[in-house]
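Participant:
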Amino acid sequence: VHCLVLDMADGAFDDQYIGCTEQMGYRTLALLEAEMESDPIFRGSWEKAAWEFRKRRFNSSLPLLPQGFQEEHGIALLVYTDKNYPSPDNSFPSLFNKLMRTSVSSLEDYQQNFPYKALHYYLTTALHLFQPECRVVYRGIRDVHFEPPRETKANIRFGQFTSSSFSQATAKGFGQDSFFHITTCYGVNIGLLSTDRTENEILIPGEEMFQVSMYRVEGHQFVLNSTKRRCHHYNCALLGGNKDQSKAISVCD
């Protein structure tokens, strides 16, 4: 078990693609193929998810999808929620989250080194298509003891796509080394678009800001409340939008 302090995750890659979805849509299809070509595990995960999405569509077991929702959005959500591929102890979503949180330090770094640009684009834009609403969810963590921010009432972000559940029991099944009771206002109910439809899954975007309203040392239990605000430092990075040092690009609405 290791310890991490909740903070604003300023090192995370958090592009929101505002104003460039049309250009990105054209670029991303070719990018997706290139990224799968260079990573057999990613290709395997994407192809497995594509088969599952098409099966659900054929069986009419998909939920009502918002306008603009494409097949790639659904496949990306299935890729992200497959916690057992290629293995439970070394899952592709865990690798993706780690890279999203820690591997991008600059625009150039992202453009040259971030290996899953297409997946990040499809996940981010998929969540944007759903109407936001506030809801209470739960998240259990194994092998990490989270600690509250050093400053009282400091804002925090997860800095990655964050799975949670309507079900407290389901969340506890994923771990109790840290446990979160979360009110999210940007999390999306992807239960019927998740790999495991029994988990009642809500996917919280990494840019949503929260405040810690309660912390109990025993069990590292948190109550997080959404500030109803979002914060991102990148926008349209593939097309040249930089991680800023100015408020013109760093958007914390």
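Take the sequence shown: its letters are residues 106 to 358, numbered as in my numbering. All residues carry an ideal CB built from backbone N, CA and C; glycine is no exception. For clarity, every value in this text was computed on a predicted model and none was experimentally measured.
Out of Q128, R132, N305 and E312, which one is the CA nearest neighbour of T186?
Facilitator: Working through the sequence shown from its first residue, we reach residue 186 at position 81. Nearest of Q128, R132, N305 and E312 to T186, Cα basis: N305.
Participant: From the DSSP output, in three-state form, read off Q265 for me.
Facilitator: Taking the first residue of the sequence shown as 1, we reach residue 265 at position 160. Of the three classes helix, strand and coil, the one that applies to Q265 here is coil, per DSSP.
Participant: How many Å lie between D172 and R255 at the Cα?
Facilitator: On the sequence shown, residue 172 is found 67 positions in, with the first residue counted as 1. On the sequence shown, residue 255 is found 150 positions in, with the first residue counted as 1. Per the sequence shown, the amino acid found at residue 172 is Gln instead of Asp. The straight-line gap from Cα to Cα measures roughly 42 Å.
Participant: If we ignore side chains and look at the alpha-carbon of each, how far apart do S192 and N260 end up?
Facilitator: The residue given as residue 192 occupies position 87 in the sequence shown. The residue given as residue 260 occupies position 155 in the sequence shown. If I take the Cα positions, the gap works out to 34 Å.
Participant: At a cut of 8 Å, does the segment 112–119 reach the segment 308–320 through at least three beta carbon pairs?
Facilitator: yes
Participant: Which same chain residues end up closer than 8 Å to S143 when comparing Cβ atoms and leaving out the 5 residues on each side of it in sequence?
Facilitator: To locate residue 143, count along the sequence shown from 1; it is residue 38. These residues qualify, in order along the chain: P220.
Participant: Could you please give the first and the last residue of the uninterrupted alpha helix (DSSP H) stretch that includes I146?
Facilitator: Counting from 1 along the sequence shown, the entry for residue 146 is found at position 41. I146: member of the alpha helix (DSSP H) spanning P145 to F163, first to last residue.
Participant: Under the DSSP definition of a beta bridge, which residues are partnered with I309?
Facilitator: Your numbering for residue 309 matches position 204 in the sequence shown. DSSP lists T267 as partners of I309.
Participant: In whole angstroms, what separates the C-alpha of G63 from that of N164?
Facilitator: No answer is possible for residue 63: the residues shown for the chain start at 106 and end at 358.
Participant: Would you mind stating whether G278 and G245 have Cβ atoms separated by less than 8 Å?
Facilitator: For the purposes of this step, residue 278 is taken as residue 173 along the sequence shown, with counting starting at 1. For the purposes of this step, residue 245 is taken as residue 140 along the sequence shown, with counting starting at 1. At a Cβ-Cβ threshold of 8 Å, G278 and G245 count as neighbours.
Participant: Taking the Cβ atom as the reference point for each residue, do L232 and V293 lie within a distance shorter than 8 Å?
Facilitator: On the sequence shown, position 127 is the one that residue 232 refers to. On the sequence shown, position 188 is the one that residue 293 refers to. Yes, Cβ-Cβ distance for L232 and V293 is below 8 Å.
Participant: Can you name the start and end residues of the beta strand (DSSP E) that I123 belongs to?
Facilitator: If you number the sequence shown from 1, residue 123 lands on position 18. No beta strand (DSSP E) holds I123; DSSP gives it neither H nor E.
Participant: Which one or two residues does DSSP pair with T133 in a beta bridge?
Facilitator: Start at 1 with the first residue of the sequence shown, and residue 133 comes out as number 28. Looking at the DSSP assignment, T133 forms no beta bridge with any residue, so it has no partner.
Participant: Who are the near neighbours of C357 in its chain, counting only those whose CB is closer than 7 Å to its CB and skipping five residues on each side?
Facilitator: Locating residue 357 in the sequence shown gives position 252, counting from the first residue. Correct list, in chain order: R334 and C336.
Participant: Once the 5 residues before and after D282 are set aside, which same chain residues still bring their CB inside 7 Å of it?
Facilitator: Taking the first residue of the sequence shown as 1, we reach residue 282 at position 177. Contacts found: V106, I246, R247, D248, V249, H250 and H325.
Participant: Residues in the same chain with beta-carbon distance under 6 Å from G280, minus the five sequence neighbours each way, listed in chain order, please.
Facilitator: Taking the first residue of the sequence shown as 1, we reach residue 280 at position 175. Hits under 6 Å: G245, I246 and R247.
Participant: Shortest alpha-carbon distance to I140 belongs to which of L234, H225, V209 and S299?
Facilitator: If you number the sequence shown from 1, residue 140 lands on position 35. This sequence places Glu at residue 140; Ile is not what is there. Among L234, H225, V209 and S299, the Cα nearest to that of E140 belongs to H225.
Participant: Just the C-alpha distance for F285 and L329, rounded to the nearest angstrom, thanks.
Facilitator: Residue numbering aside, residue 285 sits at position 180 when the sequence shown is read from its first letter. Residue numbering aside, residue 329 sits at position 224 when the sequence shown is read from its first letter. Taking the straight line from one Cα to the other gives about 7 Å.
Participant: Are there 16 or more other CB atoms within 10 angstroms of the CB of R262, so buried, or fewer, so exposed?
Facilitator: Here residue 262 refers to the residue found at position 157 when the sequence shown is read from its first residue. Buried is the call here.
Participant: Is it buried or exposed, N218, if we count other Cβ atoms within 10 angstroms and call 16 or more buried?
Facilitator: Stepping through the sequence shown from its first residue, residue 218 is reached at position 113. Its Cβ having fewer than 16 others within 10 Å, N218 is exposed.
Participant: Go to K333, then tell me how far its alpha helix (DSSP H) extends in each direction, as first and last residue.
Facilitator: One-based indexing of the sequence shown puts residue 333 at position 228. Run containing K333: none in the alpha helix (DSSP H); it sits in the beta strand (DSSP E), Q326 to H337.
Participant: Among G346, D214 and V184, which one has its Cα closest to the Cα of R148?
Facilitator: As a first step, residue 148 must be located in the sequence shown, where it is residue number 43. Measuring from the Cα of R148, the nearest candidate turns out to be V184.
Participant: State the Cα-Cα distance for the pair E252 and G264, rounded to the nearest angstrom.
Facilitator: Along the sequence shown, read from residue 1 onward, the residue named residue 252 stands at position 147. Along the sequence shown, read from residue 1 onward, the residue named residue 264 stands at position 159. So the two alpha carbons sit approximately 16 Å from each other.
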